[in-house]
Amino acid sequence: MRKGFNGLFGLVKRDMNLNPLSGHLYVFINGERNLIKVLYWDGDGLAMFYKRLERGTFKRPTARLSAPNSELLTEELYMILRGIDFEKTKKRRRYLPR
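This note's numbering numbers the first residue of the sequence shown as 60 and each following residue consecutively.
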């Protein structure tokens with residue numbers, strides 16, 4: 060978690076083979092899961108959100124724990140940041156258009 064704008068930009072571009080200027084949010088969580096950084100391009104520059112927990116840990120969806128990177132829904136990122144446990148939540152069935 061020592062990397063700043065340039066280091067995270069390089070990780071996204073080189074290691075993840077993604078475009079950091081796409082407007083997507085790139086989320087990084089440390090091994091202890093008490094620090095999180097979110098890197099994004101806001102149209103005219105890079106921006107970074109950084110949060111350190113004083114107690115507790117951030118929790119990723121368990122279905123994706125072994126993946127080096129994965130795509131999250133906006134709601135999932137919100138739940139990670141707010142400390143909502145994925146194991147105890149259940150998405151209700153909704154109408155699916157044909």
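Positions of the beta carbon are idealized from the N, C-alpha and C atoms, including for glycine. Model, not experiment: these values are computed from the prediction.
Residue burial classification, residue i (beta-carbon count within 10 angstroms, cutoff 16)
i, result
"PRO159", "Within the shown structure, residues of the chain are numbered from 60 to 157, placing residue 159 beyond reach of any answer."
"TYR85", "buried"
"ILE143", "exposed"
"LEU67", "buried"
DSSP three-state assignment for residue i, whether helix, strand or coil
i, result
"MET138", "helix"
"LYS147", "helix"
Separation of residue j from residue i, as counted between CA atoms
i, j, result
"ASP101", "ASP74", "22 Å"
"LYS19", "ARG141", "Residue 19 lies beyond the range of the chain shown here (60 to 157); nothing can be said about it."
Contact test: residue i Cβ vs the ligand PLP heavy atom, cutoff 7 Å
i, result
"TYR109", "Among the ligands in the structure shown, none appear at all, so the ligand PLP cannot be discussed."
One or two residues paired with residue i in a DSSP bridge
i, result
"PHE108", "VAL97"
"VAL86", "VAL97"
Assess, as a yes-or-no matter, whether the region 87-95 is touched by the region 105-117 under the definition of 3 or more beta carbon pairs within less than 8 Å.
yes
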